[in-house]
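Structure first, then comments.
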Ligand SMILES: Cc1cc2nc3c(=O)[nH]c(=O)nc-3n(C[C@H](O)[C@H](O)[C@H](O)COP(=O)(O)OP(=O)(O)OC[C@H]3O[C@@H](n4cnc5c(N)ncnc54)[C@H](O)[C@@H]3O)c2cc1C
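Numbering (the working numbering), first residue to last: 20 to 325.
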């Protein structure tokens, strides 16, 4: 960005621009180089003009949520990183014509917080999200899920924002697969999930809360939390688990620099301290090669890359 662009960018948003921002602070992996600029977008009215400005100036940008499914490269990002907060964390609800309760959340709000909020309101359908550490926007992109359920099955509507304006998509227009919103690739690099509506049923608050707590307990018992990580690194292949295949290949505890295949759950690659993105990428490649050789399965990363 030239000086004029930097000045204009700072004028377009209410929050201060963070120049040369260390992205390791914004990923759960605690890894990543510098972004030229990071902007917290707090007002709906700011978003379209901002996207227009970035598109017009051909300035590269990426949006991130809580960075809980991201590996940011050591060289960082030469462009603008956007994060949603403020108005984009709002939640509201109304009863739909079909008796279901429609919960509307901003793309920057916490999925886990929304899940607990719904459980307190006696709404069932989003319990699986109570331990997923991302945003609602990130969950839509990833079709986040757990315990056999995913966000795609409760989504009713998604509002995207692009440089040209809003795009409203209803459930019939949305096409999800395992950990992926398939159709989003057609908007990749151009659209932000600004808002999503979920259709939930009424249930028993006490039972819903107890179910969420039991899911949290299961998570604690099965997922390692001693080191920074990005959750499951690879997608599970059909009818198998990536963790099982990695363990069967004898890779548990394998280290490259500060990156390690978790000893608690082999599908978690962890940062034992000071890992670089290059360490993680090298470890990823070793795991992919060995599992492919041993079982013929190519492990596709679930983690996204910047
Ligand atoms: C300990 C741990 C446990 C986890 N458990 C689970 C689990 O059980 N199930 C599961 O599915 N995942 C799990 N994850 C992974 C992760 O939490 C989810 O994939 C989550 O949905 C990512 O959301 P995020 O806001 O952090 O997105 P990010 O990681 O910040 O981004 C992920 C992708 O979404 C895009 N994106 C983010 N926000 C937006 C937006 N508003 N508009 C457009 N694009 C956007 C980014 O550009 C990127 O491509 C876990 C992660 C950790 C660290």
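Where a beta carbon is used, it is the ideal one built from N, C-alpha and C, also for glycine.
Note that the structure is predicted; figures quoted are calculated from it, not measured.
Asked: Any non-hydrogen atom of ligand 1 closer than 7 Å to residue 256 Cβ; Found: no
Asked: Residue 209: CB within 7 Å of a non-hydrogen atom of ligand 3; Found: Judged by which ligands are present, ligand 3 is missing from the structure shown, whose ligands are ligand 1.
Asked: Own chain residues within Cβ distance below 8 Å of residue 154, not counting five before or after; Found: 84, 85, 103, 126, 127, 128, 129 and 130
Asked: Segments assigned beta strand (DSSP E), at least 3 residues, entirely inside the segment 117 to 202; Found: 120 to 125, 174 to 181 and 184 to 189
Asked: Enclosing beta strand (DSSP E) for residue 242 [first to last residue]; Found: Element bounds for residue 242: n/a, residue is neither H nor E.
Asked: Contacts around residue 74, its chain only, beta-carbon distance under 6 Å, and the 5 residues preceding and following it disregarded; Found: 182
Asked: 6 Å Cβ shell around residue 195 - same chain, five flanking residues per side excluded; Found: 162 and 171
Asked: Cβ neighbours of residue 310 in the same chain (closer than 7 Å, five flanking residues each side left out); Found: 264, 265, 268, 316 and 318
Asked: Start and end residues, alpha helix (DSSP H) containing residue 114; Found: Run containing residue 114: none in the alpha helix (DSSP H); it sits in the beta strand (DSSP E), 110 to 114.
Asked: First and last residue of the uninterrupted alpha helix (DSSP H) at residue 72; Found: 63 to 75
Asked: Cut-off 7 Å between Cβ atoms - residues of its own chain near residue 34, not counting five sequence neighbours on either side; Found: 58, 59 and 61
Asked: Euclidean distance between Cα positions of residue 304 and residue 213; Found: 34 Å
Asked: Reference residue 113; option with closest CA among 107, 123, 105 and 138; Found: 123
Asked: Residue 33 CB to nearest heavy atom of ligand 1 below 7 Å; Found: no
Asked: Neighbourhood of residue 120 by C-beta, 7 Å cutoff - its chain only, sequence neighbours within 5 removed; Found: 112, 114, 142, 219 and 221
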